[in-house]
Amino acid sequence: MSAQSRTRRLSASQIQQRKGGDKLVCLTAYTAPIARHLDGEVDLLLVGDSLGMTVYGFDSTLPVTLDMMIAHGAAVVRSTRLAHIVVDLPFGSYQASPEQAFRAAARVMAETGCGSIKLEGGEEMAETVAFLCRRGIPVMGHVGLTPQAVNALGGYRSRGHETGERDKIRRDGIAIAEAGAYALVIEGVAESLARELTGAVAVPTIGIGGSPACDGQILVIDDMLGLFAEFTPKFVKRYRGFGDEIGAAAREYAEDVRHGWFPAEEHTYSAPKRADAAE
699 MSAQSRTRRL SASQIQQRKG GDKLVCLTAY TAPIARHLDG EVDLLLVGDS
749 LGMTVYGFDS TLPVTLDMMI AHGAAVVRST RLAHIVVDLP FGSYQASPEQ
799 AFRAAARVMA ETGCGSIKLE GGEEMAETVA FLCRRGIPVM GHVGLTPQAV
849 NALGGYRSRG HETGERDKIR RDGIAIAEAG AYALVIEGVA ESLARELTGA
899 VAVPTIGIGG SPACDGQILV IDDMLGLFAE FTPKFVKRYR GFGDEIGAAA
949 REYAEDVRHG WFPAEEHTYS APKRADAAE
């Protein structure tokens, strides 16, 4: 079913049923205006902790807080009616224990109205995923290049090219799927590994730097629109150059203001007519 033909918001179970079917179209969204524009075109919107870099200007996702995720998640939910909304649990809000993860996830779902949460990690997080799923919280997994573990991984490099690392990521994905996750993001790995993992799990895989064989694809909206210019990952396709357009618009505006061309007469309010003006 196309996004345009839907009349109700997609659920996590409906996303899960798309395994091997129509490709899932996914993007990130962090603000109400962008979410409104994307809602009718996509199946799923991720309120990702990538907002730490795209919105707040941090060097990584690590400084993002639970309150930040809730504020942005609520804005995206309020501004949409069709797309499934999933919200990231930020670094430090779920790794300590399944109980900590439940408290964080319960807050996110109650205070945003989102349909599911996403967390990063593999075999070590399988118990937590199962704990959440048993308590009614739909979980999307995330394996491969996991940005919250950037310091442990040694930077934002693609993964799964060596046998040991490849086997570990494959085990990670299978463990998270078997723990009950309804879908699995595969980020920044060798294409053949993403293809193999997609065939090995019974839930949809969503690639970002993965494989065209994944059951769906996701991009960071700022990357796709050319709004985030600090660096461009290999897996990004830029569909528009809005960053350049914004700069050009600002230059035109500045020129108009400096030359006194803006505001013009049509941009100002005239004084009210006096009652005796016609006498």
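Whatever position you read off the sequence shown (first residue = 1), add 698 for my numbering. Beta carbons are placed, not taken as given, at the ideal position from N, Cα and C, and that holds for glycine. Keep in mind that this is a model prediction, so the values were computed, not measured.
Quickly, what does DSSP pair residue i with across the bridge? List them, please.
i	result
Met838	Lys816, Ala881
Thr903	Leu882
Val887	Arg857
Have a look at residue i and residue j and give me their C-alpha separation to the nearest angstrom.
i	j	result
Glu889	Thr778	33 Å
Thr930	Arg706	35 Å
Phe926	Asn849	22 Å
Glu797	Ser703	39 Å
Val841	Lys816	11 Å
Glu809	Asp786	14 Å
Pro845	Ser748	9 Å
Arg857	Gln915	18 Å
Ala802	Lys932	33 Å
Ile884	Gly738	24 Å
Pick helix, strand or coil for residue i, following the three-state DSSP scheme.
i	result
Leu923	coil
Asp913	coil
Arg949	helix
His782	strand
Arg857	strand
Glu1065	Not covered by the structure: residue 1065. The range shown for the chain is 699 to 977.
Gly897	helix
Pro961	coil
Lys932	coil
Leu830	helix
Arg704	coil
Pro845	helix
Pro796	helix
Ala969	coil
Val774	helix
Arg938	coil
Val918	coil
Leu851	helix
Ala811	Checking the sequence, you will find Gly at residue 811 rather than Ala. In this structure, Gly811 counts as coil in the three-state DSSP scheme.
Gly988	Any property of residue 988 remains undetermined from this structure, which presents the chain solely from 699 to 977.
Gly908	coil
Here's the rule: buried if 16 or more other CB atoms are within 10 angstroms of the residue's CB, otherwise exposed. What is residue i?
i	result
Phe829	buried
Glu953	exposed
Val955	exposed
Pro836	buried
Ala962	exposed
Thr861	exposed
Ile944	exposed
Gly719	exposed
Point to revise | Runs of beta strand (DSSP E) lying entirely within the segment 708-765, each at least 3 residues, in chain order | key: Those beta strand (DSSP E) runs which fall completely within the segment 708-765 and span 3+ residues are 722-726, 742-745.
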